[in-house]
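Protein chains: 2
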Amino acid sequence: MTRDLRICFVGDSFVAGVGDPRCLGWAGRLAARAHADGQPLTSYNLGVRRQTSSDILGRWLGECDQRLRDGDDRRVVLSLGVNDTTHADGRPRVGPEESAANLALMLDQAASRGWPVLVVAPPPVDDAGQNARTAALDERFAEICGDASVPYLSVHQALRDSAVWMHEVRVGDGAHPGAAGYDVLAELLAPGWLRWLAG
Amino acid sequence: MTRDLRICFVGDSFVAGVGDPRCLGWAGRLAARAHADGQPLTSYNLGVRRQTSSDILGRWLGECDQRLRDGDDRRVVLSLGVNDTTHADGRPRVGPEESAANLALMLDQAASRGWPVLVVAPPPVDDAGQNARTAALDERFAEICGDASVPYLSVHQALRDSAVWMHEVRVGDGAHPGAAGYDVLAELLAPGWLRWLAG
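Chain order of the listed sequences is A and G. When we follow my numbering, the leftmost residue of the first sequence carries the number 1, and every step to the right adds one. When we follow my numbering, the leftmost residue of the second sequence carries the number 200, and every step to the right adds one.
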């Protein structure tokens, strides 16, 4: 008898899989991978374009409460931050202190609900300046997750080193890859994802 | 230059694609079909298991408001009703009058936001009594959509006639098909979907 597993994938446009002609994104690829590995699950994709960590903080709990009522193993995968480090009027849309506080608060809220969390790093885009800011945030996020004993999949640098990811982002809209880029990201995440599901 | 198209798929577990090992459901298949036809889109899946039309009415507008802020063509695909006709304590969880009123109200709300809507019929499950109730609701829904000049894709009977759909539902959990069943449903919907997208 397999458990009744329900997982919400919460975050931004990368979570939503924007740009993927297969309409799966990395979240859909990981969910399908779990099915293929003999662990069916109900997955809900709650990624929203343009949303910063502050935007996500404002909606995520209500949306997950709607979806994580039933089932005997309820979990959350969280990925955010790229829209925080986007510059608007010469400043990040959300500063690093606030981004860090938002993530820490979300981890607290999840813990209070009893939902195990897996955090996925914000990926790089086609903008070296923004990537430097995101890489700094990536380190902060890793620390926050470490302090909260929440697994953090730190794929930011690996994606910067991926010719496929960086090429698809560049020839796309400057931020999102196509199907091959999402394949790369899902492959990077798969070991940590399967380890977390088994835990 | 293609338009920036954003679509929310709102409804129940069939919208969410429960049971599909490919993790696309019919909504993901239709979105991928649009991409393949040269119309990329941002699709958001807002299907939630066990939810009746009353449950969906309570959350759908807030969730769509989060997702349909940007873009120059913002739309909604709606499919609900199967959980209304489920019996609890010998009565439908939501009676047909209330189901009809809920749908009519949602169509009004969408019109007030300026969102074009496409409605997809509630599919059959492995329970003849419930299917009879759902078929009656299907007729009501068709009338309501006709009155509101909203296209309604009436696939309920075609799915009852589909050996693939009914077999997968029966050998599955009694309600949801697997990948082949969702293929069948997506194929039935594709002509109406593409016509609506072009309109």
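Just so you know, even glycine gets a beta-carbon here, dropped at the ideal spot from N, CA and C.
- For A/Gly11, the secondary structure class from DSSP, reduced to helix, strand or coil, is strand.
- Judged by beta-carbon spacing, G/Val247 lies within the 8 Å limit of A/Arg67, meaning their Cβ atoms are closer than that value.
- Proximity of chain G to A/Asn45 at the Cβ level (cut-off 7 Å) is accounted for by Asn244, in chain order.
- The segment 314–331 of chain G and the segment 348–360 of chain G touch, with three or more beta-carbon pairs separated by less than 8 Å.
- Distances from the CA of A/Ala110 to each of A/Asn131, A/Asp127, A/Val77 were compared; the closest alpha carbon is that of A/Val77.
- By the neighbour-count criterion, in which a residue is buried when 16 or more other Cβ atoms sit within 10 angstroms of its Cβ, G/His375 is buried.
- In this structure A/Asp84 is not in contact with A/Arg3, their Cβ atoms being roughly 34 Å apart against a cut-off of 8 Å.
- Pairing G/Pro315 with A/Gly146, the inter-Cα distance amounts to about 46 Å.
- Assignment of beta-bridge partners to A/Ser43 by DSSP yields A/Ile7.
- Linking A/Arg29 to A/Leu197 through their CA atoms gives a straight-line distance of about 15 Å.
- DSSP places A/Asp20 in the coil class of the three-state scheme, outside both helix and strand.
- G/Pro321 carries a coil assignment under DSSP once its states are collapsed to helix, strand and coil.
- Under the three-state reduction of DSSP output, A/Arg140 falls in the helix class.
- The residues Ile206, Ala230, in chain order, have a CB closer than 6 Å to that of G/Ser242 in the same chain once the five nearest residues on each side in sequence are set aside.
- Look at A/Arg140: its C-beta is not under 8 Å from any C-beta on chain G.
- Exclusion of the five residues before and after G/Pro239 leaves Thr201 as the residues of its chain whose Cβ lies within less than 7 Å of its Cβ.
- G/Arg339 and G/Ala299 do touch by the CB rule: their CB atoms are close to 5 Å apart, below 8 Å.
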